[in-house]
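K.L.:
Start counting at 1 in the sequence shown, then tack on 366, and there's your number in the working numbering.
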Amino acid sequence: MKKILLGMICLLIVPFSLRAANVIQEISVGAFSELDVRTVGNVYLIQGNKESVRIESNKDVSDYIIVKNSGNKLTVTTKGLHNWHGKLDVYITVRNLTNAYFKAVGNIQTKNTLHGKMLQLTVNAAGNINFDLNCTQLNSDFSAIGNVNLSGSAAHAEIHNSATGNVRAGDFRADVLDVHLSGVGNVTLFAGKEISIDASGTGNITYKGNPVVKHLSKHGTGVVKPE
Numbered sequence: 367m368k369k370i371l372l373g374m375i376c377l378l379i380v381p382f383s384l385r386a387a388n389v390i391q392e393i394s395v396g397a398f399s400e401l402d403v404r405t406v407g408n409v410y411l412i413q414g415n416k417e418s419v420r421i422e423s424n425k426d427v428s429d430y431i432i433v434k435n436s437g438n439k440l441t442v443t444t445k446g447l448h449n450w451h452g453k454l455d456v457y458i459t460v461r462n463l464t465n466a467y468f469k470a471v472g473n474i475q476t477k478n479t480l481h482g483k484m485l486q487l488t489v490n491a492a493g494n495i496n497f498d499l500n501c502t503q504l505n506s507d508f509s510a511i512g513n514v515n516l517s518g519s520a521a522h523a524e525i526h527n528s529a530t531g532n533v534r535a536g537d538f539r540a541d542v543l544d545v546h547l548s549g550v551g552n553v554t555l556f557a558g559k560e561i562s563i564d565a566s567g568t569g570n571i572t573y574k575g576n577p578v579v580k581h582l583s584k585h586g587t588g589v590v591k592p593e
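1) Rounded to whole angstroms, what is the Cα-Cα separation between residue 492 and residue 472?
2) Ignoring anything shorter than 3 residues or poking outside the region 456 to 488, list the beta strand (DSSP E) runs there in chain order.
3) Can you list, in chain order, the residues of its chain with a C-beta nearer than 6 Å to that of residue 445? Leave out the 5 residues immediately preceding and following it.
4) I need the DSSP call for residue 394, collapsed to helix, strand or coil.
5) If we ignore side chains and look at the alpha-carbon of each, how far apart do residue 423 and residue 477 end up?
6) To test your reading of the DSSP string, which unbroken beta strand (DSSP E) runs of 3 or more residues are found completely within the region 399 to 431?
7) Assign residue 436 to one of two classes, buried (16 or more other C-beta atoms within 10 Å of its C-beta) or exposed (fewer than that).
8) Say whether the region 568 to 582 touches the region 506 to 513, bearing in mind that this needs 3 or more beta-carbon pairs closer than 8 Å, one atom from each stretch.
9) Are the Cβ atoms of residue 524 and residue 555 separated by less than 9 Å?
10) Closest to residue 559 by CA distance: which of 407, 401, 574 is it?
11) So, under 8 Å CB-CB, residue 517 and residue 487 are touching, yes? Tell me the CB distance rounded to an integer number of Å.
12) Taking just the CA atoms, how far does residue 591 sit from residue 584?
13) State buried or exposed for residue 587, treating a residue as buried only when at least 16 other CB atoms are found within 10 Å of its CB.
14) Could you name the residues that DSSP lists as bridge partners for residue 560?
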């Protein structure tokens with residue numbers, strides 16, 4: 367009987383211990399349309415009605431997180447966490463995002479579809495990139511050690527990629543697509559009307575959508591072909 371009671375007590379203690387280890391920090395911020403994120407940890411973007419930042423970690427890291435509003439720009443940085451091996455998740459809620467720069471050691475992804483007109487996106491990360499975007503114009507530059515996954519749509523998109531990893535953008539339906547590829551890995555794209563490809567990387571390039579090929583320059587290793 368004592369063993370049974372002891373087992374039940376242990377089962378009760380463990381969930382409370384796990385909850386206690388999850389530290390949540392809510393940070394109020396002003397309105398912004400530009401974002402500069404330089405962090406250790408995973409970054410999650412959410413489009414919502416009010417801008418905010420939430421930090422989730424397995425210990426208090428408030429002394430190591432700097433969040434600053436400056437005009438239309440929000441800056442989120444970490445300091446002193448170069449050898450960090452614990453949990454650190456940064457959730458950033460945006461209303462209208464026009465320009466975003468990420469330099470992170472960790473994964474970067476959207477939690478829902480980001481809607482907008484013009485979006486400039488620059489990502490330098492050691493981790494996977496997952497974005498779901500719906501915009502009129504996308505200008506993007508990816509330099510990562512990890513896979514790049516894009517979904518959503520754009521009337522016109524320009525993608526520069528020098529990542530080491532696969533680019534999976536077959537579910538990102540651009541009408542007009544202009545790509546500059548110098549990375550290492552296979553690439554899948556979609557263009558509904560026309561596509562221009564300048565490739566000097568290593569890996570195969572496959573495009574969907576039966577577009578008109580306006581320009582094709584291939585200097586790297588691999589083949590370029592329609593699906």
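Each residue gets a CB set at the ideal place from its N, CA and C atoms; glycine is no exception.
P.N.:
The relevant details are as follows:
1) 6 Å
2) 465 to 471, 474 to 476
3) 430
4) strand
5) 18 Å
6) Whole beta strand (DSSP E) segments, 3+ residues: 400 to 406, 408 to 413, 418 to 423.
7) Classification of residue 436: exposed, given that the 10 Å Cβ count is below 16.
8) no
9) Pairing residue 524 with residue 555 gives a Cβ-Cβ distance that is not under 9 Å.
10) 574
11) Going by Cβ atoms, the distance from residue 517 to residue 487 rounds to 14 Å, so no, they are not a contact pair.
12) 11 Å
13) Label assigned to residue 587: exposed.
14) 542, 578
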